[in-house]
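Let me begin by presenting the structure, written as structure tokens, before commenting on it.
Number of protein chains: 4
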Amino acid sequence: MIVVMKKDADRAEINHAVERIEQLGLKPHVIVGTERTVIAAVGDKRPEHKMSLESCPGVSEVVPILAPYKIASREVKPEPTVVRAGSLTVGNKHIGVIAGPCSVESERQILQTAEAVKASGATALRGGAFKPRTSPYSFQGLKEEGLKLLAMARDATGLAVVTEVMSTEDVSTVAAYADVMQVGARNMQNYRLLEVVGKAGLPVLLKRGPSATMEELLLAAEYILDAGNPNVILCERGIRTFEAHTRFTLPLASVVYLHAKTHLPVVVDPSHGTGHTYLVPQMACASVAAGADGLILEVHPDPEKAMSDGYQSLNLDQFEQTMQLCRKVAEAIGKELGSLAPEALTL
Amino acid sequence: MIVVMKKDADRAEINHAVERIEQLGLKPHVIVGTERTVIAAVGDKRPEHKMSLESCPGVSEVVPILAPYKIASREVKPEPTVVRAGSLTVGNKHIGVIAGPCSVESERQILQTAEAVKASGATALRGGAFKPRTSPYSFQGLKEEGLKLLAMARDATGLAVVTEVMSTEDVSTVAAYADVMQVGARNMQNYRLLEVVGKAGLPVLLKRGPSATMEELLLAAEYILDAGNPNVILCERGIRTFEAHTRFTLPLASVVYLHAKTHLPVVVDPSHGTGHTYLVPQMACASVAAGADGLILEVHPDPEKAMSDGYQSLNLDQFEQTMQLCRKVAEAIGKELGSLAPEALTL
Amino acid sequence: MIVVMKKDADRAEINHAVERIEQLGLKPHVIVGTERTVIAAVGDKRPEHKMSLESCPGVSEVVPILAPYKIASREVKPEPTVVRAGSLTVGNKHIGVIAGPCSVESERQILQTAEAVKASGATALRGGAFKPRTSPYSFQGLKEEGLKLLAMARDATGLAVVTEVMSTEDVSTVAAYADVMQVGARNMQNYRLLEVVGKAGLPVLLKRGPSATMEELLLAAEYILDAGNPNVILCERGIRTFEAHTRFTLPLASVVYLHAKTHLPVVVDPSHGTGHTYLVPQMACASVAAGADGLILEVHPDPEKAMSDGYQSLNLDQFEQTMQLCRKVAEAIGKELGSLAPEALTL
Amino acid sequence: MIVVMKKDADRAEINHAVERIEQLGLKPHVIVGTERTVIAAVGDKRPEHKMSLESCPGVSEVVPILAPYKIASREVKPEPTVVRAGSLTVGNKHIGVIAGPCSVESERQILQTAEAVKASGATALRGGAFKPRTSPYSFQGLKEEGLKLLAMARDATGLAVVTEVMSTEDVSTVAAYADVMQVGARNMQNYRLLEVVGKAGLPVLLKRGPSATMEELLLAAEYILDAGNPNVILCERGIRTFEAHTRFTLPLASVVYLHAKTHLPVVVDPSHGTGHTYLVPQMACASVAAGADGLILEVHPDPEKAMSDGYQSLNLDQFEQTMQLCRKVAEAIGKELGSLAPEALTL
């Protein structure tokens, strides 16, 4: 941590900052520059320290040097984490493909989708039972009934089930049916939910909030890891920017950045990340080329009739074509995408 | 809702869109333009309709015309809502002032602060007992012990207590001590929490999420209103942009915009909105000049020693000076700020 | 400048970085931390140094400590700069008011507007003759003919003329008619234009680009100052964010920030900053309350018929009312706004 | 264009809006909805029309339906434009690769780089002679001397030269040496420059401004096209968002979007788009997978000693490896990247 003094800071202010650093259990190194003094504070920091020093008189700013996340850091665990949940493998050379409708709507809909996406090579089934919706007047999901339909689809196809949990009181219910619990973008900083999900034992797919920095995403993962759950899959799903021609802006450099900073695997959601069906296939390919460990894609047998997110869903044919394209790109960079044959599901 | 067809949409596609509009219970008006056809869909829409039509072949885009929130709309209730909770009045000509520390830390700290902010004219006490923190390694608040200290400070000063509730399971506990429950920015789209808080009966201070649009904020309020609670105070606390010299960007035009669109009162939080103590006094004045119905300010007797957010807290003197300045600006625009005398607290 | 080494940087890499720092004429201070080594580089830096060190093997990042602007810095010149140009004074306790139409359209329009805004207390007349327009098919301004009409309006009213210059080849023409040359937001980083304008001698109103950081704005000002022109007025006119209910997001904290970092005066443009007439009056007041040294406002006798920007222009009555409101706010904070009486124009 | 009336708009206001629409030469269609009236305005619009109608009393908002660009539109010219300039082909199935240093520094540097990038398969040489720099104290480029060195490198290698022009007065000088003139991101809305470049005859590489919408980018292209120059290459180089771990956020969905809306080819600049060398190779691959028609990459023989942008430059080995990787991805999606053999340069 570097404490930058103001240009006109006097000796008393510098001494005061030095004392505060020592009180915090850190070792100060005073460096007198040509224009101002800076003080390097060495030792084991806590997030509060930065704030405390910023309030000292004569201090201009405090520049943190160390990343505030620990367990998630690649410096702590250099080898990449591979998360496995039933038919789904995410990490290393294997690109998992999680596909399915935004919302579970009916037995027929979810079974038809599960079978089709499996046939095209998906390795897990997504589907929302508890739906966080911007408007209270929108369809809110089939809730536990939806979870049962997802489990039925898993029984029929062998595909692992990935589904969202919205609230702490639903965690045990969702855990009873799901293979991977998803924490949605709007709940990325719902810390109580992260703690409870961290203790539930299942792998967690953690979506980046639309205004979350990389550091905030990794600290949210840290809540889950710190609760004892090492199986966290990070998900880039787009950020909010001034761009209005896409629903969100999908910044794929975050995949490369995260691979440099953390051992956790990173999947990309080009459906939410773009918000328009026609943009999804090429952005799925681009995600693979950027090094994503997995894709999560909205697929619906009849998007026009979907109860949510039809405008960004692929239909079954579009999904099949997207898989073919992405598989070629994966091979070009020395990776394997989805399942190449039914037996591959047992990988 | 206006359905814009692609330039090359053929008759079959236009007919299909017309049929879908009718199936949704809406009345289509086809308008043949010089370059393309648009179809106006008249009737009572639900959010799903837009999405459904966007998936039709030949459709270029769907432009919604009506705001999706209803109960929050000024068109439904033209007269402004005034929210009252003990000593706090927000709305109309009275500018409420909610002041206090980021976190409740000790009996001494909260009592000293409460008495000082009351003496300077604050009309409510803020203080965090349950703290949402970016890092799991940061101080997480005194929890129920903190609530008890807040209630003690209310007993001593008569100031209404505003405090955050982070999770559905804490709602009844927080409701037992607070006068106003705050839903924090990171929980603005925690819909389950909004529903539960909506049923708890206390007034709610709802903070805008850092990437939330005005429409999303009003739809979040709609969840609370729809649960039967009419006492919602909206809070602008800054948005995330590329600006790095402030913690968030504080867009005061949202106050004026919200006053045009909703009857709900709007308070501003210049502490989080700027993230630096030295920016707070003038931004508090600017908030008042923009028409804010209230201010929420972080105040700490010794910011340098604060367990959270010291770098954006006013000390007691700074708060007193800020109040004097803001009071003059309020008078200049024909309003009254805070309490002018102890008896004003019973307003 | 602080050079942060990677956690696993070896001795050779640290030595190499130390050598590079010395080669750049700086003095290295190596600080061995508990987790990694950082090297403070003391001396007179140039922007290239940071980049150069970032490319060294084993370096994680380079954190600059000093602001890169010099002449614009308040550390170099602590007392605020007051810019005067004919009837206009900007800086210190006097809030200048620059008002007029987006585009000069006709003699009648500009004279009528000039007389009306003067009567309401404006201290300068704005009006576009060279118009930067997003579309090549939009009205591009009356060019030199417009400049002549502005000069005629100055002759009639005594109001100083503020008008935009778009290109280096127009600088001498514009300088022949204007009292203050405006560099528009889209040209804030048109460095050649900044240099030429810097040498032209007239005061310059420099608008912040919609994606410019404070540092970029001050470095743009530095180009003008470095060319020998000390009379630079900075203008906050809104930034581009995800907010769509306003044309731009107007971040008034930048006024307070700039006053802390630079001696140059800061005016605010609530017309472009909001993009909607109904938001302008209160945002003008808020700008004054935030400490703005001036306002620049679009005013048109008949906004509905304006050839550009009518949707964000005040009509003459709205301007008069806005002035009355802003004047009260100015007085509340101990300042004076616009001209109170005709003789005040000679201030 | 859809004129949305306020809910409480009265008959006189609706009639007035209808009249204004007719005065503008458009045909109004009044649609009475359940909650409010909207008026569709059919005919040949100009950008001013929208603004004019927004100022009418009783009007809530005006929603444009048609894109404001014409010549750039795919609706006007459905087949993709292929731009050719010497050794460079951009568009269709051929992915051009423009590589070279940020700044031309010396004969040795530019010749060494040109030969190396050609050997690795680049099809054009980039290099800055006129450099737009944020700080007036940074290296500003070798100017015409740099252009001569670029021409020398073209003579030696056969690679087409792509270089930036910053100001109208330099256009003829740059045109004398370059094969493609680049308009930089900060000049994207320097309309005078666009007009002059449009008349100069050479192909133009137009970079997206960091806060430009797709519509603004296409309208900037329209200035060049409207001046009679059909050879415009669009370049996505990243936008400014809240993300600080990258220099800009690189939104690859814009490639797919642009291909849907315009016939102009789109290249991507992953060097500026990420700002860090380690992020460039995978983002280059991702750009290809997203469908980019070309790449523009910063390459320097010794990035640590580069006079600008070393921190985001590939060295010669890194460029060679990036080319190998990108070529495989290009083949996977049925395209060809760079030159496969020396004779391919004459394509």
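Residue numbers (our numbering), protein chains in the order written: chain A, 481 to 827; chain B, 481 to 827; chain C, 481 to 827; chain D, 481 to 827. The beta-carbon is built from N, C-alpha and C at its ideal position, and this holds for glycine as well.
message = Tell me the DSSP secondary structure of Val677(D) in three-state form.
response = helix
(request) Would you decide whether Lys422(B) is buried or exposed? Buried here means 16 or more other CB atoms lie within 10 Å of its CB. (result) Any property of residue 422(B) remains undetermined from this structure, which presents chain B solely from 481 to 827.
| message | So if DSSP puts Arg606(A) in a beta bridge, which residue, or which two residues, is it bridged to? | response | Val642(A)
(message) Can you tell me where the beta strand (DSSP E) holding Pro430(D) begins and where it ends?
(response) Lying before the first or after the last residue shown, residue 430(D) is absent from chain D, which here runs from 481 to 827.
| Taking the alpha-carbon positions, what's the Gln503(B) to Val512(D) distance? | Going by the C-alpha atoms only, they are around 20 angstroms apart.
Problem - Identity of the residue in Ser553(D), Thr648(D), Glu534(D) nearest Glu695(D) by Cα - result: Ser553(D)
Review point. From Arg762(C) to Ser734(A), what distance separates their C-alpha atoms?
Key: The displayed chain sequence assigns Gln, not Arg, to residue 762(C). Cα to Cα, Gln762(C) sits roughly 40 angstroms from Ser734(A).
In chain order, what residues of the same chain have a beta carbon less than 6 angstroms from the beta carbon of Leu777(B), not counting five sequence neighbours either side? Ala579, Ser751
Reduced DSSP secondary structure (H/G/I, E/B, other) of Gly566(B) = In this structure, Gly566(B) counts as coil in the three-state DSSP scheme.
- Arg588(C): buried (16+ other C-beta within 10 angstroms of its C-beta) or exposed? The residue is exposed, with fewer than 16 neighbouring Cβ atoms inside 10 Å.
Exercise. Does the beta carbon of Glu541(C) sit closer than 9 angstroms to a beta carbon anywhere in chain B?
Worked result: Answer no: the Cβ-Cβ gap between Glu541(C) and chain B never drops below 9 angstroms.
Would you mind reading off the limits of the beta strand (DSSP E) that contains Glu541(B)?
539 to 543
Handout entry: Inter-residue spacing [alpha-carbon to alpha-carbon] between Asn628(A) and Gly608(A)
Key = Note on residue identity: the sequence assigns Lys, not Asn, to residue 628(A). The C-alpha of Gly608(A) is placed about 12 angstroms away from the C-alpha of Lys628(A).
Checklist line | Residues near Ala824(D) by beta carbon distance below 6 angstroms, same chain, minus five either side | finding: Any reading at Ala824(D) needs caution, since the residue's pLDDT is 43, under 50, leaving its predicted position unreliable; the model's value is listed next. There are no such residues.
Exercise. With 7 angstroms as the C-beta to C-beta threshold (strictly closer), list the residues of the stretch 718 to 729 of chain C near chain D in chain order.
Key: Arg720
Next item on the list: Return the residues of the stretch 491 to 510 of chain C that lie within a Cβ-Cβ distance of less than 8 angstroms from chain A, sorted by chain order.
Entry: His509
ask   = For Glu559(D), which of helix, strand or coil comes out of DSSP?
value = coil
Roughly how many angstroms separate the alpha carbons of Ser767(A) and Val748(A), rounded to a whole number? 6 angstroms
- prompt: Does the Cβ-Cβ distance between Gly818(D) and Cys806(D) come in under 9 angstroms?
  reply: In this structure, Cys806(D) lies closer than 9 angstroms to Gly818(D) by Cβ.
Does the CB of Glu555(D) have a neighbour CB from chain B at under 9 angstroms? Chain B, which has a Cβ nearer than 9 angstroms to the Cβ of Glu555(D), makes this yes.
Starting from the Cα of Lys687(C), find the closest Cα among Pro508(C), Ile482(C), Cys715(C) and give me that residue. Cys715(C)
Check this for me: beta carbons of Ala812(C) and Glu541(B), under 9 angstroms apart or not?
no
* To do: Determine the contact status of Arg564(B) and Ala594(B), defining contact as a CB-CB distance below 9 angstroms.
  => The answer is no: Cβ separation not under 9 angstroms.
### Query
Taking 9 angstroms as the CB-CB cut-off, is Ile578(C) touching chain A?
no
Pair within 9 angstroms by beta-carbon distance, Leu697(B) and Leu738(B): In this structure, Leu738(B) lies closer than 9 angstroms to Leu697(B) by Cβ.
* How would you list, in chain order, the residues of chain A whose beta-carbon sits under 8 angstroms from the beta-carbon of Lys487(C)? -> Glu555
For this session: Mind listing the chain D neighbours of Ala520(B)? Cutoff is C-beta to C-beta under 9 angstroms, in chain order.
Result: Ile482, His509, Ile511, Gly513, Val518, Ala520
As assigned by DSSP and simplified to three states, the class of Lys611(B): coil
Roughly how many whole angstroms lie between the Cα atoms of Met531(B) and Pro783(A)? 9 angstroms
Does the structure place the stretch 668 to 679 of chain B close enough to the stretch 647 to 659 of chain B that three or more beta carbon pairs sit under 8 angstroms? yes
- To which residues of the same chain is Ser788(D) closer than 8 angstroms at the C-beta, ignoring the five residues directly before and after it? Cys582, Ser583, Gly608, Lys611, Arg613, Ser618, Phe619
Quiz item: Can you list, in chain order, the residues of its chain whose CB lies under 7 angstroms from that of His496(C), leaving out five sequence neighbours each side?
Solution: These residues qualify, in order along the chain: Cys536, Pro537.
Under 9 angstroms between C-beta atoms of Leu546(B) and Ala604(B)
no
Close beta carbons around Ala740(D), own chain, < 8 angstroms, minus the five adjacent residues each side: Same-chain partners within the cutoff: Arg554.
Kindly provide the ranges of any beta strand (DSSP E) runs that are 3 or more residues long and lie completely inside the stretch 691 to 778 of chain A, ordered along the chain. You should have 712 to 716, 746 to 748, 774 to 778.
With 16 other Cβ atoms within 10 Å as the buried cut-off, status of Gly681(C): exposed
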